[in-house]
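Working notes for the structure below.
See the structure below:
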């Protein structure tokens, strides 16, 4: 697949020895000139060292690079963890200072993902970061290596790009994400990095990224366990840009498409998942209410097991909507599963159970369309189903 | 086990044909004289017909009996469901009017549990309720039959009793509950009935029952799916009673003990459960915060799978506390699992993983003690672990 890579960025991804075997575990994303950096971060109060670090420096008008390690989350590691995180930033800053005006550690963002509560193997990083810096390149192969270096239990890299034309100018957005749903001493976290050559106005960047995350990464779940390390970063060229509203809209639309495409790949790759479940709520009083209902259904183990068992179990879906804690009009509830009407006006309608079951079994994506009243509030959510394999994968930690 | 049954109540439980096979599916609990009736009910907005019915008549100063069917929840059944529910009350009222002053349907509470969305087989109930009424008796065998008639996927009846002495008077409390965690077209719901001969002051009854439920049935979970039919009822003798504070305290203490004992049996009997998990939170700012943290940990599939896999995975527990949405003091977190210290002052402490794993594997009950700061807020919660068997049981619905 050909990627539309923005100009002005270089990438690398190597195996430096944090993970066993030969899997890549260290990635760099570097801007040719100091760039704008925006970020959204986990709401968990138990935060990895890198999250506290990034929150200090972002939004940044002088972000020079991002260093990302996988295989170790550097979370719950106390003072040592903070020192190690700072040293990682310092190591990349040192390398970048060779060819550019001096780069400070505070110009470097850090992302970590993997085991919680273990010290980072700093000797590997002290050798690895300089080596990765020598391999920085702007081509697609380098981008792919970087996308590989951020993975943990993911089955494959998750990256995508978009190109937009504004007048005679062409811009690109490219992104890589990782995440398959687990967290904890085994593995963790959703990470994402978007790079673009579109000239974002600095004061608008955080809001633009937050809106994109709200419509993508905040609408997915595997088991709803917010990680200590979740982070999405956006890098764009620095400068005093003009903001033509149509141009910004075009960029935002492309950003939303891109982040949503990648976000959906996370539950699709969810641990043990046999279905990607799309929950589309309509008819709620407010968008926020629709979101809350979608999330409640997505977190119901009974709904998730019903789908993995290809069971047209509408009672579990309807009753989950009922305890979401927001108003619904019970007598107006309407439920359509994979295009087949199961429930209308608050009452079940006759349907062929075998037909619905086969429709679930025959498709990787399950569509749940639930209308909960006559309001205009709508929301979408994507989640994975719950299988015996999920339980096995998450119960079998080597002790 | 000898039960302390209160005087003034009769019980019966029969198979009337709602369930296949010979399993009991219809129970009656009847007061010799019109009694006080109190109740707490599901917060789900999608409610069974019986819940709406009971909420109209409770608290009641003239509750004569409770009719309970299992095997059919009579939920999401519309107008027909409401009519059928009223007819059930009417059938028992008619039987009780034979020996007493006239009993109205509005003197009868109704509880249903089982399949959602199917009409009740009324011909079975029209024959069953009169038959069950002829078998009403006040002895322990009759109580046990009633406790059997309310079960769905439970492995055994769940009943217990307490006796208290106040001055020279002896009072008894006896209770039956059902619930194993599932809900939906397959099976559903937590139900509970407490009967006592202690003279509760009418105006205090609802608060007394609510407090007991808050400290027992509202502190357990299997998968957190609030049912359409959850209900707990309390019956006590009617009359203008005096309330000696010590007597009320003694009664409430016994009621709390009784309801907590029975509540814990629900997750212990949870579908596919291999562990009962006790989560004890301390050090929170407020009791409500401690409750919220306990509930968040209890609902984490990653915590639940870690316990089923005997994995001392403290990162999952600590990070679940971090996203509970209430303040915690991260640097003061202290975690003890089955008596072994794993985490202190916000950092992991060295421990023998094999020893902790064996401690989990060797005991049906897992004790998670988590202190989240220096506050005085404490709370307890009980839940079941998550096993591949849970997934299988809930995915395999016959279509």
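Chains as they are written, first to last, in this note's numbering: chain A, 1 to 399; chain B, 1001 to 1399. Idealized CB from N, CA, C, for every residue including glycine.
- Taken through DSSP and simplified to helix, strand or coil, residue 1169 of chain B comes out as strand.
- According to the DSSP assignment, residue 1113 of chain B belongs to the beta strand (DSSP E) that extends over 1108 to 1115.
- In the three-state reduction of the DSSP assignment, residue 1069 of chain B falls in the strand class, which pools E and B.
- A direct Cα-to-Cα measurement between residue 1360 of chain B and residue 1046 of chain B gives close to 38 Å.
- The beta-carbon separation of residue 1125 of chain B and residue 1176 of chain B, rounded to 20 Å, does not stay under the 8 Å limit for a contact.
- Between the region 344 to 351 of chain A and the region 247 to 260 of chain A there are fewer than three inter-stretch CB-CB distances shorter than 8 Å, so the stretches are not counted as touching.
- Taking each of A/371, A/364, A/265, A/352 in turn and checking the Cα distance to residue 284 of chain A, the smallest one comes out for A/371.
- Below the 7 Å Cβ cutoff, chain A contributes 309 as neighbours of residue 1396 of chain B, in chain order.
- Of the candidates A/43, A/394, A/305, A/368, A/368 places its Cα closest to the Cα of residue 280 of chain A.
- Apart from the 5 residues on each side of it in sequence, residue 392 of chain A sits with its Cβ closer than 8 Å to the Cβ of 272 in its chain, given in chain order.
- Not one beta carbon of chain A lies nearer than 8 Å to the beta carbon of residue 1249 of chain B.
- Using a 10 angstroms sphere on the CB of residue 1292 of chain B, the tally of other CB atoms reaches 16 or more, which defines it as buried.
- The region 1286 to 1300 of chain B makes no contact with the region 58 to 76 of chain A; the number of CB pairs closer than 8 Å stays below 3.
- Against residue 346 of chain A, the close residues of chain B are 1046, 1076, 1078, in the order they occur along the chain (beta-carbon pairs closer than 9 Å).
- By the neighbour-count criterion, in which a residue is buried when 16 or more other Cβ atoms sit within 10 angstroms of its Cβ, residue 1243 of chain B is exposed.
- Going by DSSP, residue 1035 of chain B is part of no alpha helix (DSSP H) but of the beta strand (DSSP E) stretching over 1026 to 1041.
- Shown here, residue 16 of chain A sits in coil according to DSSP, grouped into three states, outside any helix or strand.
- Within its own chain, the residues whose Cβ lies closer than 7 Å to the Cβ of residue 1118 of chain B, once the five positions on either side in sequence are excluded, are 1072, listed in chain order.
- Within 9 Å of the CB of residue 1133 of chain B, no CB atom of chain A is found; the nearest one sits about 31 Å away.
- When rounded, the separation of the alpha-carbon atoms in residue 157 of chain A and residue 24 of chain A is 11 Å.
- Residue pairing of residue 382 of chain A in beta bridges, as defined by DSSP: A/220, A/278.
- Within chain A, the residues 44, 45, 46, 47, 226, 228 have their CB atoms less than 8 Å from the CB of residue 1322 of chain B, given in chain order.
- For the pair residue 1010 of chain B and residue 1191 of chain B, the Cα-to-Cα distance works out to about 19 Å.
- Runs of the beta strand (DSSP E) lying entirely within the region 1245 to 1320 of chain B and spanning at least 3 residues, in chain order: 1276 to 1284.
- Per the Cβ contact rule, the region 1034 to 1043 of chain B is in contact with the region 1222 to 1242 of chain B (3 or more Cβ pairs under 8 Å).
- The residues 53, 105, in chain order, have a CB closer than 8 Å to that of residue 86 of chain A in the same chain once the five nearest residues on each side in sequence are set aside.
- When C-beta atoms of the region 380 to 387 of chain A are compared with those of the region 212 to 226 of chain A, three or more pairs fall below 8 Å, so the two segments count as touching.
- It is roughly 11 Å from the alpha-carbon of residue 231 of chain A to the alpha-carbon of residue 68 of chain A.
- If you look at residue 1360 of chain B, you'll find it in the alpha helix (DSSP H) that goes 1353 to 1361.
- Scanning chain A for C-beta atoms nearer than 7 Å to the C-beta of residue 1305 of chain B yields 391, 394, 395, reported in chain order.
- With respect to residue 141 of chain A, residue 159 of chain A sits apart: the two C-beta atoms are not nearer than 8 Å.
- Taking the Cα positions, residue 206 of chain A is about 18 Å away from residue 108 of chain A.
- A Cβ-Cβ separation of about 31 Å leaves residue 70 of chain A out of contact with residue 164 of chain A under the 8 Å criterion.
- Relative to residue 1314 of chain B, the option among B/1326, B/1289, B/1336, B/1323 whose CA is nearest is B/1336.
- Short of 7 Å from the beta carbon of residue 1353 of chain B, and not among the five residues preceding or following it, lie these beta carbons of its own chain, in chain order: 1312.
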